[in-house]
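8 protein chains.
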Amino acid sequence: MRDILDAVAAGELSPEAAEAKLRGYVTGEAGRFDAARERRSGVPEAVLADGKTPAEVAALVATSLESTDRAIATRLTEEHVRAVRERLDEEAPAASIRLHDRAGVLVARSPDFEPPALDASVAVVTAGTSDAVPAGEAAAIACEMGADVDRISDVGVAALTRLTDQLERLREHDVLVVAAGREGALPTVVAGLVDVPVIGLPVSTGYGHGGEGEAALSGMLQSCTALSVVNVDAGFTAGAQAGLVARRADAARRE
Amino acid sequence: MRDILDAVAAGELSPEAAEAKLRGYVTGEAGRFDAARERRSGVPEAVLADGKTPAEVAALVATSLESTDRAIATRLTEEHVRAVRERLDEEAPAASIRLHDRAGVLVARSPDFEPPALDASVAVVTAGTSDAVPAGEAAAIACEMGADVDRISDVGVAALTRLTDQLERLREHDVLVVAAGREGALPTVVAGLVDVPVIGLPVSTGYGHGGEGEAALSGMLQSCTALSVVNVDAGFTAGAQAGLVARRADAARRE
Amino acid sequence: MRDILDAVAAGELSPEAAEAKLRGYVTGEAGRFDAARERRSGVPEAVLADGKTPAEVAALVATSLESTDRAIATRLTEEHVRAVRERLDEEAPAASIRLHDRAGVLVARSPDFEPPALDASVAVVTAGTSDAVPAGEAAAIACEMGADVDRISDVGVAALTRLTDQLERLREHDVLVVAAGREGALPTVVAGLVDVPVIGLPVSTGYGHGGEGEAALSGMLQSCTALSVVNVDAGFTAGAQAGLVARRADAARRE
Amino acid sequence: MRDILDAVAAGELSPEAAEAKLRGYVTGEAGRFDAARERRSGVPEAVLADGKTPAEVAALVATSLESTDRAIATRLTEEHVRAVRERLDEEAPAASIRLHDRAGVLVARSPDFEPPALDASVAVVTAGTSDAVPAGEAAAIACEMGADVDRISDVGVAALTRLTDQLERLREHDVLVVAAGREGALPTVVAGLVDVPVIGLPVSTGYGHGGEGEAALSGMLQSCTALSVVNVDAGFTAGAQAGLVARRADAARRE
Amino acid sequence: MRDILDAVAAGELSPEAAEAKLRGYVTGEAGRFDAARERRSGVPEAVLADGKTPAEVAALVATSLESTDRAIATRLTEEHVRAVRERLDEEAPAASIRLHDRAGVLVARSPDFEPPALDASVAVVTAGTSDAVPAGEAAAIACEMGADVDRISDVGVAALTRLTDQLERLREHDVLVVAAGREGALPTVVAGLVDVPVIGLPVSTGYGHGGEGEAALSGMLQSCTALSVVNVDAGFTAGAQAGLVARRADAARRE
Amino acid sequence: MRDILDAVAAGELSPEAAEAKLRGYVTGEAGRFDAARERRSGVPEAVLADGKTPAEVAALVATSLESTDRAIATRLTEEHVRAVRERLDEEAPAASIRLHDRAGVLVARSPDFEPPALDASVAVVTAGTSDAVPAGEAAAIACEMGADVDRISDVGVAALTRLTDQLERLREHDVLVVAAGREGALPTVVAGLVDVPVIGLPVSTGYGHGGEGEAALSGMLQSCTALSVVNVDAGFTAGAQAGLVARRADAARRE
Amino acid sequence: MRDILDAVAAGELSPEAAEAKLRGYVTGEAGRFDAARERRSGVPEAVLADGKTPAEVAALVATSLESTDRAIATRLTEEHVRAVRERLDEEAPAASIRLHDRAGVLVARSPDFEPPALDASVAVVTAGTSDAVPAGEAAAIACEMGADVDRISDVGVAALTRLTDQLERLREHDVLVVAAGREGALPTVVAGLVDVPVIGLPVSTGYGHGGEGEAALSGMLQSCTALSVVNVDAGFTAGAQAGLVARRADAARRE
Amino acid sequence: MRDILDAVAAGELSPEAAEAKLRGYVTGEAGRFDAARERRSGVPEAVLADGKTPAEVAALVATSLESTDRAIATRLTEEHVRAVRERLDEEAPAASIRLHDRAGVLVARSPDFEPPALDASVAVVTAGTSDAVPAGEAAAIACEMGADVDRISDVGVAALTRLTDQLERLREHDVLVVAAGREGALPTVVAGLVDVPVIGLPVSTGYGHGGEGEAALSGMLQSCTALSVVNVDAGFTAGAQAGLVARRADAARRE
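Chains as they are written, first to last, in numbering that gives the first Met the number 0: chain R, 0 to 254; chain E, 0 to 254; chain X, 0 to 254; chain A, 0 to 254; chain D, 0 to 254; chain F, 0 to 254; chain C, 0 to 254; chain Y, 0 to 254.
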């Protein structure tokens with residue numbers, strides 16, 4: 000601990016980074032940031048922008064970048080993105096910013112961040128264009144966890160040949176995230192055809208009875224093939240779970 | 000009307016048959032029987048045994064046979080069947096009885112019943128063995144309406160080649176009833192592959208969230224291909240709707 | 000395949016039309032378009048505008064027109080319509096555009112499109128004025144599939160004589176789509192009176208318990224007469240299913 | 000109060016009847032009996048047998064008879080009926096017992112009970128035979144409140160002429176209880192045709208989605224005609240509400 | 000019929016009024032208006048503004064006024080009201096207009112309209128201020144049906160003495176409409192204290208589990224006292240049902 | 000720790016009691032028993048018999064008695080009770096057994112158990128006789144935690160004077176558990192009249208919509224007065240929470 | 000009463016304060032205000048701004064301040080706050096105003112208001128920043144009831160050490176309000192670790208299945224530790240219930 | 000193919016095994032058995048006994064054993080087990096049978112079956128004893144897929160130290176199945192503490208609101224840590240998904 004305090008005194012370490020090292024989380028202006036999440040549970044902490052003001056999101060992004068050399072924010076509107084960019088322009092001009100546009104995900108990295116690189120791969124598969132947002136979120140998170148990510152789009156069950164053409168490509172990966180809305184049949188069909196673990200990601204398309212992704216979710220839970228599932232539109236969770244499986248495969252390869 | 004009353008007086012017509020002719024329904028010991036249903040709406044009246052005692056079912060079957068020369072009863076337990084057999088043995092020994100065993104359907108016909116025969120066909124398709132009961136009910140009703148009925152079983156989406164082998168056979172029919180439980184994906188996949196109208200029949204298999212056929216029903220309602228649907232386990236309704244489509248095809252062929 | 004490639008090389012065939020012929024779908028700027036849907040499943044592909052930007056809808060409409068000589072788009076707002084008109088004015092000035100105004104449906108056809116014409120008819124029946132939108136969608140689709148479409152409006156069960164006056168007209172058709180909101184009783188009453196197949200179309204009117212069309216849907220599923228049903232407001236699906244039945248009747252008439 | 004206590008001392012009044020007069024309720028071996036309910040709210044107290052043992056029901060019936068000269072018990076099994084009969088045979092041999100068999104209702108009266116007689120009438124209407132139990136409960140309660148009760152059975156909407164034949168008879172009453180299961184359309188249709196208040200009584204028939212009377216209930220709540228509604232199978236409530244309307248009509252006639 | 004046509008020819012009767020007399024409904028620019036509803040079912044037809052444009056509502060109001068000398072419109076926004084006023088200023092300047100402001104109800108009457116006047120009364124009771132809108136709707140309808148209407152406000156169960164002070168006033172009426180949101184206990188408590196029929200009107204206040212009036216509705220359906228109920232916020236239905244009970248009491252008084 | 004092991008060696012302490020002291024829980028033949036629960040969280044551990052065999056319940060009761068000198072078991076059938084009695088007769092003949100009969104609760108105590116005695120009191124209030132089972136469970140638990148428990152029964156809102164007579168008695172307690180089924184209005188009315196904290200305990204009576212206690216639960220959650228609530232039939236939880244409040248009051252009194 | 004009237008006549012008492020003293024509530028321009036609530040039930044009346052106009056809220060705040068020397072308003076938007084400030088600036092310039100900003104709560108006090116001060120304390124605990132609004136509401140109400148309130152924030156179960164560091168602090172209080180959204184596990188974990196009563200406050204965060212606080216609510220109701228619960232986002236209720244427990248502890252301490 | 004047919008002709012291969020090799024499935028007396036499932040999707044086919052008769056289950060077990068040298072059957076009652084044993088005693092006396100007793104799983108293997116053995120491990124973790132059945136099913140399936148399976152029981156969140164003592168053991172595995180009923184908090188807490196992928200398995204314990212495992216399921220879907228989930232009681236699916244992850248880890252280790 001003395002080392003850390005010395006470094007703070009010498010101006011080599013920010014108080015945020017010091018608190019993160021000592022207690023595992025950082026108390027910022029917009030709440031506490033769980034800086035030890037990745038070390039403890041393998042999944043990097045992310046700022047969920049839903050229900051937060053642009054200023055709060057920008058502050059949390061800055062805290063994350065300051066204490067862990069990276070920040071991930073999800074479900075951003077354009078206004079959130081603008082606030083984040085303005086704050087980082089001022090406070091962390093050296094940071095690189097990448098926006099996963101359709102997915103509403105922003106990743107900022109300080110120059111000395113060393114991104115993880117796993118010897119393992121994840122495919123993110125969609126049934127149609129309206130699945131792009133949560134699928135993009137899943138891909139971005141898995142990517143930040145270090146996995147190779149392969150996007151396979153528009154292979155819905157309404158026209159099966161689109162899917163059957165891709166079977167070999169699907170079988171090459173360590174884990175699949177398969178997104179689908181409406182009746183959500185795609186993960187079931189995929190899991191019947193390949194021996195890779197499939198994580199079903201129901202999407203909130205559809206209207207009327209079973210709309211808002213409820214039919215897709217309950218169909219995936221009832222699937223006659225073996226799937227595990229995340230909540231409706233929970234792209235972050237699907238990507239993180241895929242990333243954890245990829246981490247195990249990577250660790251196994253390195254043994 | 001006078002003719003009818005004369006025939007009753009002469010003992011050539013039973014009072015039940017006379018009431019059916021004059022008013023369209025017959026008042027029996029266990030309630031009114033809608034003897035004009037088939038003439039009016041194309042679907043023969045059937046006795047739903049659910050929630051009725053064996054004696055009530057037997058009485059209604061006898062009334063139906065007496066007034067329309069045929070009786071159809073559905074959702075029968077063994078006890079119901081026994082009661083029906085005993086009553087008909089006594090009252091209508093000349094009637095033929097056919098039991099669709101796994102479907103819980105019994106059909107009795109008097110010797111002079113002239114069964115309808117349509118120049119039209121229906122396929123009843125199932126995903127797995129647990130779909131047999133409602134599928135059998137659907138097949139029995141379509142058959143009683145005069146359609147040729149083809150049973151195609153165990154073509155669930157977990158192993159797609161079982162289905163793709165049958166595409167030509169599916170395309171030959173005028174209408175398909177496709178039964179499936181759990182996630183209920185089969186009708187969606189079939190309707191994406193053939194240009195015959197598909198009636199989805201959700202089956203009450205499955206447990207947990209979306210069990211009791213609710214996932215299958217909502218998935219079929221949300222289908223990304225064009226389906227119409229009946230209620231969970233509503234084999235009678237699916238078969239009757241298929242029979243009505245077959246009647247139109249038959250009428251068109253005879254024009 | 001060589002013929003197709005030659006035609007592309009000669010500028011006689013657009014790359015989109017060539018891809019559609021070879022693979023069955025076309026990859027455009029806003030996602031894949033399933034150009035083979037009609038050939039495979041009898042139902043023309045349509046662009047669902049819900050949740051898409053005006054630019055995306057316009058791009059998909061253009062792709063559809065380019066590859067299949069027709070485009071159908073549903074659930075359009077005025078803004079969507081404007082974007083489609085602007086794009087087609089520029090890219091396909093020779094195309095004709097028809098707007099089914101109350102139904103939110105737009106159909107564009109290139110000059111050499113040969114519309115299908117079935118020797119079969121569909122009636123689209125409504126209980127009240129608030130059923131007009133999904134009923135109009137159903138009528139537009141059935142019409143694009145080639146059926147003769149008869150609109151019968153405002154025959155709700157609150158005043159039964161409006162309905163009983165129309166029975167003969169109802170009986171003349173091959174299939175009926177019957178739309179109703181609130182308690183959704185109209186399809187049940189119609190199906191008890193005529194021997195034509197009835198497809199119930201629940202409408203999302205009504206408030207409080209069972210609102211948003213849920214009471215209408217569950218009432219139609221529980222109907223004591225024989226109906227099949229589509230999801231709440233699913234006018235496209237109802238019209239497509241009616242169109243498929245009309246196709247079978249037409250085929251039977253031509254045999 | 001002194002009069003009452005004197006009467007108890009003289010053996011002219013049982014302690015139960017005295018407590019009922021003084022406090023409004025009687026504390027018996029199986030709980031408190033609300034003896035003042037009819038005086039206060041117009042509806043006689045009844046013993047709901049559901050979830051009570053035969054002995055408890057018998058004890059409460061005895062208390063009711065003792066304190067108010069009448070007892071009404073609902074939802075009785077055969078075992079309950081037997082226990083009640085045995086207890087009354089012993090304790091109140093002079094009481095008359097009437098069993099409304101299909102409705103599961105028992106009414107016992109002591110010889111000096113003076114039944115109310117209203118100059119007002121109620122019709123209890125059913126769609127089909129499976130509506131008989133709650134409809135019978137409604138009829139029994141309305142009858143005990145003094146109304147003339149007319150039973151009109153089996154007039155379901157599947158065959159409308161059965162209903163339209165009865166319109167004049169329906170219009171003669173002060174209030175209608177209309178019971179229906181499955182899609183529950185009958186009260187809606189009746190209320191559109193007559194100007195008598197209709198109380199909808201949903202019945203727990205039907206299976207699958209909207210089963211257990213839920214579709215009937217939500218359909219009646221959404222009715223496009225003017226209805227009020229009671230809970231599924233709540234025959235007692237429907238009958239009591241009809242009885243209260245009849246009491247007002249009776250009072251108005253006597254003014 | 001000849002009389003009517005002669006009157007039309009002579010300009011003494013508008014075509015709308017003539018159609019209403021001959022067929023019972025009038026076909027206007029915004030749909031059919033059920034002009035015979037009051038004669039047939041005792042409840043005047045009303046224009047529900049929800050989901051209709053201001054122009055449509057104004058057109059239907061004009062048709063109603065033209066054919067029945069009165070128009071009732073419910074759930075009006077300010078914009079609807081403005082459109083109605085403008086149209087009537089032009090087409091029916093002699094008509095009187097009354098706006099029930101908090102209830103969103105407008106009533107227009109032509110000079111020769113003879114309002115019904117019943118010798119019967121209705122009380123409309125509320126638990127709190129947020130119940131004012133549906134309660135006002137109920138009061139307006141009952142009033143248009145001719146009943147004397149008494150408004151009793153803010154007698155919620157949180158402070159019981161407010162209610163118990165009003166018991167005598169409540170007992171004087173022929174029927175009570177009792178509105179309550181959140182847990183909806185007021186109708187239950189009232190019905191336990193008075194012998195007048197109570198119609199429970201659940202109101203869509205409350206948030207979280209059981210919000211949107213669902214707790215109030217289910218509580219009233221489960222009430223341990225005798226109530227009938229209408230749907231959440233269904234002020235029109237509650238008022239109409241109360242009006243029908245008042246009509247019976249009035250008729251009884253006049254016998 | 001050495002003391003404990005010495006005591007085990009000397010036969011003065013059973014191995015179960017030693018494990019409980021050292022680790023906080025005891026591993027028995029039917030699973031682990033959380034012997035430290037009361038010390039840690041103030042609530043004694045209880046054996047929930049639901050879904051356990053009689054032998055398993057008896058084993059857990061024996062373990063509890065052995066390690067903590069007391070055992071509490073809830074939701075016992077007669078068969079469970081018999082198994083417990085037999086086992087304790089053999090293994091712990093000195094223990095006293097008390098059966099709270101209607102509540103399905105059994106308490107066994109070894110002779111040297113020193114029951115807690117709080118200077119604080121709890122009232123358990125019921126609306127009707129069908130609330131007796133969960134209310135009895137609540138009373139038994141609060142009693143075992145040392146509170147004085149007062150039972151106030153049958154004060155349902157259908158007849159308010161029963162309740163208003165008890166207000167002074169209610170106000171004397173530290174906390175109230177108020178049980179009610181069907182519409183569950185009693186806790187709301189009580190909490191509006193007294194300034195003692197009220198814990199609402201919904202009971203699974205009632206049928207149809209909102210049955211199984213759902214209406215009571217949602218009504219209590221929506222209450223217009225201040226309540227906290229436990230799950231349907233969760234008598235143990237309600238009694239434990241009341242016991243915890245009583246413990247605080249007791250501690251405050253002893254300060 | 001004469002004293003009160005004399006004081007009004009002398010201008011020493013406002014008519015509102017007089018009505019409050021005599022009848023318990025005050026009839027103002029925007030409805031009745033329950034001025035006796037705190038005296039009767041221990042909880043001060045508060046103005047719920049949800050669904051009220053700024054003018055109505057301002058009027059009720061003024062009435063409250065006038066009759067009870069304090070006003071509490073909850074769920075205020077900025078517009079509500081502005082209207083209240085303007086009105087009080089004019090009518091009650093001497094009053095102090097405190098805005099609990101993130102919680103949407105405003106408290107106004109006249110100079111001679113004597114705030115209650117309890118010798119008892121409440122902790123309000125949150126899992127994350129999105130729980131701040133209802134937690135702040137709970138804290139404000141408990142504070143107005145006189146309790147010492149301790150805020151413990153951001154101790155969610157995702158990083159358990161944040162919680163376990165606070166155990167001693169938690170154990171010092173008389174009662175805990177524990178707020179949590181999404182899966183709502185925090186109150187369960189806390190109640191397993193401390194012997195203080197825990198009131199679970201579910202928060203409407205989360206999306207997809209179980210969103211809007213439904214998963215948190217049902218999880219708290221199912222908790223394997225002893226909790227009582229309030230509705231989703233019902234901060235006022237949670238704070239009031241905690242305040243009532245604190246009042247009992249305070250009273251016990253003063254005995 | 001000729002080789003296979005020659006082997007059948009020579010009696011070296013049963014017709015069932017030949018059909019399995021040629022078509023992938025075997026048509027037996029009780030339906031089709033998907034013999035290629037393991038080869039295609041990595042998960043061995045299992046016979047779900049739910050809703051099948053003992054004879055049907057025994058027949059399918061025999062077919063499985065005949066065609067794949069192993070049979071797995073789940074959700075067996077004692078009667079099912081007896082029927083299987085009798086049939087195998089007769090038809091396959093050399094087969095070994097293992098019964099996973101509490102889990103309702105039976106595995107039969109012919110002498111030449113070579114069980115898979117993965118260099119990968121799975122932990123199956125439970126919160127309490129009532130989670131044993133689905134957890135046992137999960138363990139049995141993962142074991143049949145070749146994984147090392149470690150059972151960690153009774154570490155529910157009510158007493159956290161039981162869990163924190165096991166963290167190192169949990170971190171050693173490739174994947175965790177974590178079963179929990181009631182509020183289902185255990186998988187959330189575990190996933191916050193370890194970096195191994197967690198598959199949540201909700202269990203159908205609990206009563207009242209959120210009972211039948213619905214609270215556990217929705218809590219796991221809403222988890223603030225990263226989990227994937229299977230349906231309530233879906234032990235087979237959880238074990239199969241864990242097995243698939245173990246297969247990938249094994250494959251990675253062997254690369």
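All residues carry an ideal CB built from backbone N, CA and C; glycine is no exception.
With DSSP run on the structure shown, which of helix, strand or coil describes residue i?
{"i": "glycine 50 (chain E)", "result": "coil"}
{"i": "glycine 10 (chain F)", "result": "coil"}
What does DSSP give as the partner residues of residue i in its beta bridges?
{"i": "arginine 150 (chain Y)", "result": "Y:Val123"}
{"i": "threonine 236 (chain R)", "result": "Beta-bridge pairing links threonine 236 (chain R) to no other residue."}
{"i": "threonine 73 (chain C)", "result": "C:Leu47"}
Distance check for residue j and residue i, CA to CA, integer angstroms please.
{"i": "valine 56 (chain A)", "j": "serine 63 (chain A)", "result": "10 Å"}
{"i": "alanine 157 (chain X)", "j": "leucine 192 (chain A)", "result": "8 Å"}
{"i": "leucine 4 (chain X)", "j": "lysine 20 (chain X)", "result": "11 Å"}
{"i": "glycine 135 (chain E)", "j": "leucine 117 (chain R)", "result": "53 Å"}
Just to confirm, does residue i get its C-beta within under 7 Å of one of the non-hydrogen atoms of the ligand FAD?
{"i": "proline 201 (chain R)", "result": "The ligand content of the structure shown is nil, which means the ligand FAD is not present either."}
Across the region 214-227 of chain D and the region 202-222 of chain F, are there enough close Cβ pairs to call them in contact, namely three or more that are closer than 8 Å?
Counting C-beta pairs closer than 8 Å gives three or more between the region 214-227 of chain D and the region 202-222 of chain F, which meets the contact rule.
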